[in-house]
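Chain order of the listed sequences is A and B.
All letters in the first sequence, in the order written, are residues 1 to 198 by UniProt numbering.
All letters in the second sequence, in the order written, are residues 1 to 198 by UniProt numbering.
Positions of the beta carbon are idealized from the N, C-alpha and C atoms, including for glycine.
Please read all numbers here as calculations on a predicted model, not as lab measurements.
2 protein chains.
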Amino acid sequence: MNDITVLEALKQALRRLPGVGPKSASRMAYHLLERDREGARTIARALTDAVERIVHCKRCNNLSETELCPICSSNRRDKSLLCVVESPSDLVSLDQSGVYNGMYFVLMGRLSPLDGIGPDEIGIPRLEALLDEGSIKEVVLATNLTVEGEATAHYISDLVRARHIKATRIAYGVPIGGELEYTDRNTLARALAGRREA
Amino acid sequence: MNDITVLEALKQALRRLPGVGPKSASRMAYHLLERDREGARTIARALTDAVERIVHCKRCNNLSETELCPICSSNRRDKSLLCVVESPSDLVSLDQSGVYNGMYFVLMGRLSPLDGIGPDEIGIPRLEALLDEGSIKEVVLATNLTVEGEATAHYISDLVRARHIKATRIAYGVPIGGELEYTDRNTLARALAGRREA
Numbered sequence: 001m002n003d004i005t006v007l008e009a010l011k012q013a014l015r016r017l018p019g020v021g022p023k024s025a026s027r028m029a030y031h032l033l034e035r036d037r038e039g040a041r042t043i044a045r046a047l048t049d050a051v052e053r054i055v056h057c058k059r060c061n062n063l064s065e066t067e068l069c070p071i072c073s074s075n076r077r078d079k080s081l082l083c084v085v086e087s088p089s090d091l092v093s094l095d096q097s098g099v100y101n102g103m104y105f106v107l108m109g110r111l112s113p114l115d116g117i118g119p120d121e122i123g124i125p126r127l128e129a130l131l132d133e134g135s136i137k138e139v140v141l142a143t144n145l146t147v148e149g150e151a152t153a154h155y156i157s158d159l160v161r162a163r164h165i166k167a168t169r170i171a172y173g174v175p176i177g178g179e180l181e182y183t184d185r186n187t188l189a190r191a192l193a194g195r196r197e198a
Numbered sequence: 001m002n003d004i005t006v007l008e009a010l011k012q013a014l015r016r017l018p019g020v021g022p023k024s025a026s027r028m029a030y031h032l033l034e035r036d037r038e039g040a041r042t043i044a045r046a047l048t049d050a051v052e053r054i055v056h057c058k059r060c061n062n063l064s065e066t067e068l069c070p071i072c073s074s075n076r077r078d079k080s081l082l083c084v085v086e087s088p089s090d091l092v093s094l095d096q097s098g099v100y101n102g103m104y105f106v107l108m109g110r111l112s113p114l115d116g117i118g119p120d121e122i123g124i125p126r127l128e129a130l131l132d133e134g135s136i137k138e139v140v141l142a143t144n145l146t147v148e149g150e151a152t153a154h155y156i157s158d159l160v161r162a163r164h165i166k167a168t169r170i171a172y173g174v175p176i177g178g179e180l181e182y183t184d185r186n187t188l189a190r191a192l193a194g195r196r197e198a
């Protein structure tokens, strides 16, 4: 069976998906080849399209099909409010809560000095450039409520206040140690409504 | 955010993988786009290659890159023994047990009259043609030890014995209701060694 290198290559490739180990990868490969070849083609096409067409918004850093994402180019958003999140999926979760109508800035992760991830690695210089434009009156720090997320929020709040801009932190609702991506929208809405000065 | 149709298309496509729901699909999409774009390209390429290059062996019906798979074209296999399995992954599991050196026939699933899956749907006519060639002395029935797998084995054993060929069923070791794909190789080896007349 070792001759089937194309099949082995497919199993190996599928293991690059998060949460997929050898058994799942094998199961997926056989499922697609035996029962859903059209699905395999669809997934391949969707992956290629996504990698080719999705870029980062040059202003907020969110995933976008256009140079400026729909939120940054909208006229119906409050330009004086800036919400800082760790990832595009956090942005989606917060925006779907429906209580926030400001702008966003998507960090590339969170500060993690032990892993060599400092301010430059997560895009802080671009955030500072945004703050220096002068239109932002309040920065809502919506990094995760984990140790690293808190440290990141604390670091940014110093930068914000040094510019005499109000810095707030999302509050109760999201459980300690919890991840925004997996929090229901009511809890996220309460966390946004209950934000306080950082 | 509804404007990002390419991202939505990717999430939808990933849900065609077995065991992947909306949350996992979303997580996979963001992971690939944010942290492993090369992985996305690799998976797309592997899927396309697999769908284009992997066919079914014209003799045993196993997945193969060549018209005749490596097992069917091997000279070191016992051509008088034929093991019937439900799927290519079952074949791999059995073959890795190392105690079986005969040929295989891969059914396209198992009999399931309630779902409209009869003998023709799982490739029984091709199996009968193989039996009629006259070189096979024993058929090892290695369908799963589930209700449908047992019914399939029973159905095939009648066809086999009608041709005065010995029919055996893999035996103890694989737990009742269990799936071959998830059975360890020692248990599979014992099941093969303990096969009995069906």
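Excluding sequence positions up to five away, which residues of its chain have a Cβ less than 6 angstroms from the Cβ of residue i?
| i | result |
| --- | --- |
| Leu81(A) | Gly102, Glu138 |
| Lys23(B) | none |
Closest Cβ-Cβ distance between residue i and chain B: below 9 angstroms?
| i | result |
| --- | --- |
| Arg16(A) | yes |
| Arg161(A) | no |
| Ala29(A) | yes |
| Lys137(A) | no |
| Pro88(A) | yes |
| Ile43(A) | yes |
If I measure Cβ to Cβ from residue i and keep anything under 7 angstroms in the same chain, skipping five residues before and after, which residues do I get?
| i | result |
| --- | --- |
| Asn75(A) | none |
| Ala151(A) | Leu111 |
| Val160(B) | Leu131, Val139, Ala167 |
| Arg77(A) | Ile71, Asn101, Gly102, Met103 |
| Glu52(B) | none |
| Ala153(B) | Leu141, Thr143, Arg169, Ala198 |
| Ser97(B) | Arg185, Leu188, Ala189, Leu192 |
Would you say residue i and residue j are within 9 angstroms of each other, going by their C-beta atoms?
| i | j | result |
| --- | --- | --- |
| Glu179(B) | Asn144(B) | yes |
| Glu65(B) | Leu7(A) | yes |
| Gly149(A) | Arg110(A) | yes |
| Val84(B) | Leu107(B) | yes |
| Ala40(A) | Lys11(A) | no |
| Ala44(A) | Leu33(B) | no |
| Leu68(B) | Ile54(B) | no |
| Ile165(B) | Leu131(B) | yes |
| Ser87(A) | Arg185(A) | no |
| residue 251(A) | Pro18(B) | Residue 251(A) is absent from the model: chain A starts at 1 and stops at 198. |
| Arg15(B) | Ala25(B) | yes |
| Thr42(B) | Ala189(A) | no |
| Asp90(B) | Ala142(B) | yes |
| Met136(A) | Lys79(A) | Correcting the residue identity first, residue 136(A) is Ile in this sequence and not Met. Going by C-beta atoms, Ile136(A) is nearer than 9 angstroms to Lys79(A). |
| Ala9(A) | Asp49(B) | yes |
Shorter than 9 angstroms from the beta carbon of residue i to some beta carbon of chain A?
| i | result |
| --- | --- |
| Glu121(B) | no |
| Leu107(B) | no |
| Ala129(B) | no |
| Glu34(B) | yes |
| Tyr182(B) | yes |
Residues of chain B with CB under 8 angstroms from residue i, in chain order?
| i | result |
| --- | --- |
| Met103(A) | The premise fails here: Met103(A) is roughly 14 angstroms from chain B at the closest Cβ pair, so nothing lies under 8 angstroms. |
What does residue i reach in chain B if we use C-beta pairs closer than 7 angstroms?
| i | result |
| --- | --- |
| Arg53(A) | Val6 |
| Gly19(A) | Ser24 |
Starting from residue i, find everything on chain A with Cβ-Cβ shorter than 7 angstroms and list it in chain order.
| i | result |
| --- | --- |
| Ala46(B) | Ala9, Leu10, Ala13 |
Once you ignore the five residues that flank residue i on each side, which residues in its own chain have a CB closer than 8 angstroms to its CB?
| i | result |
| --- | --- |
| Asn61(B) | Phe105, Val106, Leu107, Met108, Gly123, Arg126 |
| Ile117(A) | Gly109, Arg110, Leu111 |
| Glu181(B) | Ser87, Ser89, Asp90, Ser93 |
| Pro119(B) | Leu111, Pro125, Tyr155 |
| Glu128(B) | Leu159 |
| Ser157(B) | Val139, Leu141, Ala167, Arg169, Ala198 |
| Gly21(A) | Arg15 |
Residues of chain A with CB closer than 9 angstroms to the CB of residue i, please, in chain order.
| i | result |
| --- | --- |
| Ala40(B) | Arg16, Leu47, Thr48, Ala50, Val51 |
Can you pull the chain A residues whose beta carbon is under 8 angstroms from the beta carbon of residue i, in chain order?
| i | result |
| --- | --- |
| Arg37(B) | Val51 |
Quick one: is residue i near chain E, going by C-beta distance under 9 angstroms?
| i | result |
| --- | --- |
| Arg15(B) | Protein chains A and B are contained in the structure displayed, whereas chain E is not. |
message = My parser needs the alpha helix (DSSP H) runs of 4 or more residues fully inside the region 27-115 of chain A; what are they?
response = 37-53, 88-96
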